[in-house]
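The next block holds one structure in the form of structure tokens; read it before the comments.
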Ligand SMILES: Cc1ncc(COP(=O)(O)O)c(C=O)c1O
């Protein structure tokens, strides 16, 4: 069979939503104008709840200025080459030191993109004798890192400590025979449901089982914890996390990411993560910009306080109106409703066109069939007026969903 003929006949799980005019609307929509609480969508201003700009840094004048000045000073090319060849600078090293201080770890290792970084971190930490035990609802970068592993791996039920313990018992038996070790992987905040990984309970298992713990805190860094150092700080277990990961792509409003842990492990990772050895180092404006962002997060909680005012108002308002937010205990605000994917599309269309509220739909297979999940990301740039507009929009569309209106309109999608 012709390979491309097979591809052309298979739209794929996400590709199917691009068909029938969905592209540019339900999938790959273009949000225009500065990254803010209100953005332009298809020529109209909407309250936008789909951008992970938690602390609202993306468009702060001082951040825009430092990014612009750094680009003018350094250009986008510098430094050329991978970090280990010709891509290292004092700025990269200074950022690593500052990040380590902030998350209270001995050392950090910068990576150019979080996704690739996590894939190759997992790849370099384990060998054929080792066993990985990971949360079944982990982010795709963890899944892909696990897929590269040539030894045994076991998924435990999402955030289920009993299930984790069973997998640890199996893993322990195996490693006793192979002489390998165990890597447990969880997340600080699960980005779809918004629930924090049960890190305290996981860490407590270290008393009975021998394993190392890797935590992806993409959605916790900068927004959770007393100082903003993330979910592990919030749960008081940072010192028990063996490999901590956070990206700059969310609260830091940039690109790039880092790992943190003991110096010996960070050194090993720097010299063994293939996505870093064989790819270009972070560009200087990104590094200079990250230092400025980190200094702001460290020294001034204004943005974090603003964020939590919005999170609390939005989540309390939705709950008061009877909406089901599952078990989020972070900024991520999922709203669960019942209906088909076409009904969800009709509902979101109504919300965008008639209420000027833009949020994203999460579709099966990420959630079960028959369920609608609208995911809202509150940010420091939102206002209480944005929250009010959104609460009213949700109440209105919920009435129409119950009345079956979207079943009829769904025929258009
Ligand atoms: C949980 C989680 N891990 C890792 C990543 C990847 O980070 P980056 O965007 O830096 O590649 C993301 C971002 O989508 C994420 O949500």
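Numbering (my numbering), first residue to last: 1221 to 1633. We put the beta carbon where it would ideally sit given N, CA and C, even for glycine.
| said: Measuring only from the beta carbon, is residue 1438 closer than 7 Å to any heavy atom that is part of ligand 1? | reply: Flag set: Cβ of residue 1438 near ligand 1.
| Short check: CB of residue 1614 to CB of residue 1545, under 8 Å? | Cβ distance not < 8 Å, so residue 1614 and residue 1545 don't count as in contact.
| field | Coil, strand or helix - residue 1520 by DSSP | value | In the structure shown, residue 1520 sits in coil (DSSP, three-state: anything other than H, G, I, E or B).
| field | For residue 1441, the three-state DSSP class (helix, strand or coil) | value | Note: residue 1441 maps to coil in three-state DSSP.
| request: Whole angstroms is fine: what's the gap from residue 1253's alpha carbon to residue 1553's? | output: The straight-line gap from Cα to Cα measures roughly 24 Å.
| Is the beta carbon of residue 1395 sitting closer than 8 Å to the one on residue 1429? | No.
| Given that a residue counts as buried once 16 or more other Cβ atoms are within 10 Å of its Cβ, and exposed if not, what is residue 1548? | By the 10 Å Cβ count, residue 1548 comes out buried.
| field | Local conformation of residue 1536 per DSSP, three classes | value | In the structure shown, residue 1536 sits in a helix (DSSP, three-state: H, G or I).
| message | If distances are taken between C-alpha atoms only, which option among 1455, 1472, 1517, 1627 comes closest to residue 1563? | response | With distances taken between Cα atoms, residue 1563 lies closest to 1627.
| query | With respect to 7 Å, is the separation between the Cβ of residue 1359 and the closest non-hydrogen atom of ligand 1 below this value? | reply | It does: the Cβ of residue 1359 is within 7 Å (strictly closer) of some heavy atom of ligand 1.
| Starting from residue 1316 and walking both ways along the beta strand (DSSP E), at which residues does that stretch end? | Note, residue 1316: premise wrong, no beta strand (DSSP E); alpha helix (DSSP H) at 1310-1323.
| said: Between which residues of its own chain and residue 1571 is the CB-CB distance below 6 Å, once the five residues before and five after are set aside? | reply: So the qualifying residues of the chain are 1577, 1613, 1617.
| query | Which of the three DSSP states, helix, strand or coil, is assigned to residue 1413? | reply | DSSP places residue 1413 in coil when its eight states are reduced to three.
| For residue 1338 versus residue 1436, is the C-beta distance shorter than 8 Å? | Contact: yes.
| said: So, for residue 1495: in the same chain, excluding its five sequence neighbours on each side, which residues have a beta-carbon less than 8 Å away from its beta-carbon? | reply: Closer than 8 Å at Cβ, skipping near neighbours: 1331, 1332, 1333, 1336, 1337, 1339, 1340.
| said: Is residue 1552 a contact residue of ligand 1, with contact defined as CB to any heavy atom under 7 Å? | reply: Using a cutoff of 7 Å, the CB of residue 1552 does not count as near ligand 1, since none of the ligand's heavy atoms is closer than that.
| query | Which residue comes first and which comes last in the alpha helix (DSSP H) that contains residue 1486? | reply | Counting along the chain, residue 1486 sits inside the alpha helix (DSSP H) bounded by residues 1483-1490.
| task | Assign residue 1431 to buried or exposed, taking buried as 16 or more other Cβ atoms, counted over all protein chains shown, within 10 Å of its Cβ. | result | Looking at its Cβ environment, which holds 16 or more other Cβ atoms inside 10 Å, residue 1431 is buried.
| said: Counting beta carbon pairs with one atom in the stretch 1453-1460 and one in the stretch 1292-1302, are three or more of them shorter than 8 Å? | reply: The way I'd put it, the stretch 1292-1302 doesn't touch the stretch 1453-1460; fewer than three beta-carbon pairs between them come closer than 8 Å.
| query | Going by other Cβ atoms of all chains shown within 10 Å of its Cβ, with 16 needed for buried, is residue 1328 buried or exposed? | reply | When all chains shown are included, residue 1328 counts as buried.
| Straight-line Cα distance separating residue 1372 from residue 1236 | So the alpha carbons of these two residues sit roughly 34 Å apart.
| Is it the case that the Cβ atoms of residue 1405 and residue 1362 are separated by a distance below 8 Å? | Yes, the pair counts as a contact, with Cβ atoms nearer than the cut-off.
| field | 4 or more residues per run - each alpha helix (DSSP H) lying fully within the stretch 1540-1609 | value | Complete alpha helix (DSSP H) runs here, min 4: 1561-1575.
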